[in-house]
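Below is one structure; the comments refer to it alone.
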Amino acid sequence: MRFRTHPMMFRRLMAALLVVLPLAFVAGCSMQDYPQSSLHPHSNYAQWIQTLLEQLTFWVVIIFVVVQALLIYAAIRFRSRPGAPDPKPIHGNTALEIGWTIAPALILTLVAVPTVLTIFKSQAPPPEDALQVRVVGHQWWWEFQYPDLGITTASELHVPVGVPVNISLETADVIHSFWFPAMGGKRDVIPGRTNRLWFTPSDIGQYPGQCAELCGTSHANMRMALMVQAPEEFQAWVAAQQLPPIEPEAGTLAAQGKQYFTQGQCIVCHMIQGVSAGVIGPNLTHVGSRTTIAGGIFPNDAADLGKWIINAPARKPGAKMLSLKDMAMSPEQVPAIVAYLQSLK
Ligand code: CUA
């Protein structure tokens with residue numbers, strides 16, 4: 002007996018797929034698994050954008066439903082039937098034409114008003130009491146300076162919850178784009194000018210971000226993290242960052258490491274307050290207090306730090322940091338340098 006799919010069955014199957022597939026697609030967007038989703042706002046700025054998106058989606062869905070309903074109705078009601086006469090030609094209908102000119106104009110107004118209001122709100126100057134942060138994009142890591150607090154750090158931006166953050170954005174080389182999806186829209190970082198962005202983080206937590214503008218070989222490895230902390234926790238972090246770097250005890254491995262660091266080429270690029278004055282690579286004064294290295298792509302542990310020092314370009318394509326060989330240093334020095342950097346809490 003031959004088995005054939007009945008056309009009716011086929012149509013039902015297709016209809017079922019049309020319903021199930023989009024549902025499966027939407028269900029796949031469970032936000033827990035996507036920390037960089039821009040649909041889970043955690044700041045006032047991100048919330049404004051979210052609200053706007055919801056309003057626009059509301060109107061778009063209404064338009065979609067009305068247009069599809071009319072289309073389906075017309076297709077069925079006026080389908081061709083055997084023996085039916087040709088439809089009567091119509092020439093103009095003033096009422097209809099006025100109607101379908103006014104309706105879209107009204108809808109566009111409903112879209113334009115909240116959009117323009119949101120633009121003005123988000124581009125207004127930040128509140129007076131905002132925390133000032135200067136962000137500098139580098140190939141391929143982010144530098145964070147707190148000019149009023151005298152702190153310079155990298156890859157991890159600490160801010161207190163509920164306090165507006167006023168960010169000025171600059172670049173040391175090419176165009177980058179600063180983006181913490183949970184905090185709102187991205188903003189380009191452009192050579193020769195200072196862009197601005199401000200937001201008030203609304204929830205304590207750690208939010209990933211990254212460069213959102215193709216900026217060279219390791220664009221994808223230019224990550225960062227936003228640490229939104231309770232006010233007292235943030236104050237404790239500030240106090241620790243403002244201290245001079247820890248001086249390793251004489252005779253320890255870390256003390257040996259400091260010697261290698263200062264005698265080697267490390268000091269050409271890196272600053273450790275009171276120890277070295279390089280400004281090309283990240284400031285290492287309190288590097289031991291950070292959770293990641295290398296633009297946020299590796300954990301800040303002894304193994305990864307060691308591998309990074311031995312051959313940075315091999316671990317991160319295009320990295321500006323020289324390999325140990327090119328710095329004319331030996332692998333035997335690495336454990337001591339690692340111990341020194343880890344001691345800089
Ligand atoms: Cu910086 Cu992409």
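If you're matching positions, the sequence shown starts at 2 in the numbering used here and goes up one per residue. Backbone N, C-alpha and C fix where the C-beta goes; we use that ideal spot for every residue, glycine too. In this text, all values refer to a predicted model and were calculated from it rather than measured experimentally.
So, at 6 Å on beta carbons, what are the nonlocal neighbours of Gly138 in its own chain, with the 5 sequence-adjacent residues on each side left out? Thr172, His177, Val190
Let me see if you follow: with CB-CB separation under 8 Å, is Val280 close to chain D or not? Here there is only one protein chain, and chain D is not present.
Should Leu324 and Phe200 be called a contact, given that it needs their Cβ atoms to be closer than 8 Å? Going by the sequence as given, residue 324 is Ser instead of Leu. No; because the gap between Cβ atoms is not below 8 Å, this pair is not in contact.
Looking at Met223 and the ligand CUA, is the gap between the Cβ and the nearest heavy atom below 7 Å? Yes, the ligand CUA has a heavy atom inside 7 Å of this Cβ.
Does the stretch 66-74 come into contact with the stretch 250-257, if we say contact requires no fewer than three beta-carbon pairs (one atom in each stretch) closer than 8 Å? Look at the beta carbons and you see the stretch 66-74 not touching the stretch 250-257: under three pairs across the two are nearer than 8 Å.
Please state whether DSSP places Pro148 in a helix, a strand or coil. If DSSP states are grouped into helix, strand and coil, Pro148 belongs with coil.
With Ala226 and Pro209 assumed to form a contact (beta carbons below 8 Å), what rounded beta-carbon distance in angstroms separates them? 6 Å
Since Leu132 is in the beta strand (DSSP E), which residue starts that stretch and which ends it? 132-139
Buried/exposed call for Phe262, threshold 16 Cβ in 10 Å: buried
DSSP has Ala155 in a bridge; who is on the other side? Glu144
Under a Cβ-count criterion, where at least 16 other Cβ atoms within 10 Å of its own Cβ denotes burial, should Leu97 be classed as buried or exposed? exposed
Count the CB pairs spanning the stretch 299-306 and the stretch 214-226 that are closer than 8 Å, and state whether there are at least three. no
Going by DSSP in three states, Ser123 sits in which element: helix, strand or coil? DSSP places Ser123 in helix when its eight states are reduced to three.
Extent of the continuous beta strand (DSSP E) to which Pro209 belongs: 206-211
Ile268 and Val229 - do their beta-carbons sit closer together than 8 Å? no
For the ligand CUA, is there any heavy atom lying closer than 7 Å to the beta carbon of Leu215? yes
To the nearest angstrom, how far is it from the Cα of Pro318 to the Cα of Gln48? Between Pro318 and Gln48, the C-alpha separation is close to 36 Å.
Closer than 7 Å: is that where the CB of Gly296 sits relative to any heavy atom of the ligand CUA? no
Could you tell me the boundaries of the alpha helix (DSSP H) in which Glu234 lies? The continuous alpha helix (DSSP H) containing Glu234 extends over residues 232-243.
Could you check how far apart the C-beta atoms of Leu1 and Phe179 are, in whole angstroms? I think they sit under 8 Å. The structure shown does not extend to residue 1, since the chain spans only 2 to 346, so no value can be given for it.
Measuring alpha carbon to alpha carbon, tell me which of Lys326, Gln207, Pro314 ends up nearest Pro36. Gln207
Can you give the Cα-Cα distance for Thr52 and Pro42, rounded to whole angstroms? If you take the alpha carbons of Thr52 and Pro42, they lie about 10 Å apart.
Can you name, in chain order, every residue of its own chain whose Cβ lies under 6 Å from the Cβ of Ala337, other than the five neighbours on each side? Spatial neighbours of Ala337 in its own chain (CB-CB distance under 6 Å, excluding positions within 5 residues in sequence) are listed in chain order as Leu254, Gln257, Gly258, Tyr261.
Quick check on the burial criterion: 16 or more other C-beta atoms within 10 angstroms. Buried or exposed for Ala340? buried
Under the criterion of a Cβ to heavy atom distance below 7 Å, does Cys270 qualify as lining the ligand CUA? It does not: the Cβ of Cys270 is nowhere closer than 7 Å to a heavy atom of the ligand CUA.
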